Every structure is written in structure tokens, then in C-alpha cells.
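See structure below.
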Amino acid sequence: AKAKEKAESIACVNNLKQLGLSVRVWALDNKDISPPNVLDMTNEMSTPKILRCPADHAREAATSFASYTPANCSYEYLAPSAPETEPNRVLFRCPIHGHVCLSDGSVQAEVAKKHPDWLVQRDGMLYLHERVQPPEAAPVPANPPPADPNP
951 AKAKEKAESI
961 ACVNNLKQLG
971 LSVRVWALDN
981 KDISPPNVLD
991 MTNEMSTPKI
1001 LRCPADHARE
1011 AATSFASYTP
1021 ANCSYEYLAP
1031 SAPETEPNRV
1041 LFRCPIHGHV
1051 CLSDGSVQAE
1061 VAKKHPDWLV
1071 QRDGMLYLHE
1081 RVQPPEAAPV
1091 PANPPPADPN
1101 P
């Protein structure tokens, strides 16, 4: 069961990466602005199946874009018609895994679940702002090497 959950999570990250790439390709032809909705970028997506999280067993994946409805989409599209000048803006979020896809095309796994404080809402838009952790001290070896008698 754990292996299946991990595989579904990995496939979800892959879906989000494909969606992020689709948005970026669409934006190249449209004045560097993200599409106003998911259906506008169907030419950039390989299949509507990437719109359903593999762990979302309550939804059916659309078999074609002609049969697609919002009921077939697991992901929240949070940045319609957004400029590409905000790389830390959240484009998509998976409510099941907590993965987020940023407008730079990267996917941050489990951020919404493990680090919700990294997500900041500003002017009605969601951004990722990682907290900088202090560097960890180097571990001290349990058995330090003997000192060299001839320095």
C-alpha cells in the first residue's frame, strides 16, 4: 500500500510538471500570460489524463478533451491570466498530496501539507516563500581518526 501511495505521488508530480510546461508553452504564444482556463491550453497538453491526480479515486479521467469537464480535474488552477514575471507564484495545487506547481514550471512536493507556512497569500494570489533554515552543524564522528604523531 505504501509503494502504491508513493507511486501515485510521483505520478502526480509528473502530471503537475506537464501542466506547468503546458502553461509555459501556451504563454510563449500569448504575450507571456498564462491561459485564462485549463481548456485554452489543450493543444499544449498530450492528454486530458494529466488533469486527474492518480490518487483521486473519486474522479474519472476524461478520455478526450471533447468530453472533459471541470469534474474531471483534480488540480486547482490558481493563476489564470497571470504574467510569467512571478516565478514563485503557485499555478496548480494538488489538494490530495499538497504538491504545488510554480509559474517557473517547477514542482515542490508536499509543500502544502508539510510546510503550509511557506505558502503566502498576497493580493488574492498564492506564492511560495521558503523559510531559510540555518545550516546544520557537521556531525561529529563517533570514532575520530587517531592524531598523526608526525605532523
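Offset between the sequence shown (1-based) and this note's numbering: plus 950.
Built from N, CA and C at the ideal position, the CB exists for glycine as well.
None of the values given here were measured: they were computed from a predicted structure.
Closest by C-alpha distance to residue 991, when choosing among 972, 967, 1014, 1070: For the purposes of this step, residue 991 is identified with residue 41 of the sequence shown, where counting begins at 1. Per the Cα distances, 972.
Which residues DSSP lists as bridging residue 1051, in chain order: Within the sequence shown, numbered from 1, the residue matching residue 1051 stands at position 101. Residue 1051 pairs with 1042, 1057.
Boundaries (first-last residue) of the alpha helix (DSSP H) holding residue 974: Translated into the one-based positions of the sequence shown, residue 974 becomes position 24. Here the alpha helix (DSSP H) through residue 974 covers 952–978.
Integer-rounded CB distance, given that residue 1042 should sit under 8 Å from residue 978: Within the sequence shown, numbered from 1, the residue matching residue 978 stands at position 28. Within the sequence shown, numbered from 1, the residue matching residue 1042 stands at position 92. Incorrect: roughly 18 Å between the Cβ atoms, too far for contact.
Environment of residue 1075 [buried if 16+ CB atoms lie within 10 Å]: In the sequence shown, counting from the first residue as 1, residue 1075 sits at position 125. Taking every protein chain shown into account, the CB of residue 1075 has fewer than 16 other CB atoms within 10 angstroms, so this residue is exposed.
Residue 1070: first and last residue of the uninterrupted beta strand (DSSP E) it sits in: By 1-based counting over the sequence shown, the position of residue 1070 is 120. Counting along the chain, the beta strand (DSSP E) containing residue 1070 begins and ends at 1069–1072.
Whole-number beta carbon distance between residue 1024 and residue 1044, since they are thought to touch under 8 Å: Walking along the sequence shown from the start, residue 1044 turns up at place 94. Walking along the sequence shown from the start, residue 1024 turns up at place 74. Right, their Cβ atoms sit about 7 Å apart.
Residue nearest to residue 998 in terms of C-alpha spacing, selected from 1028, 966, 975: For the purposes of this step, residue 998 is taken as the residue at position 48 of the sequence shown. With distances taken between Cα atoms, residue 998 lies closest to 966.
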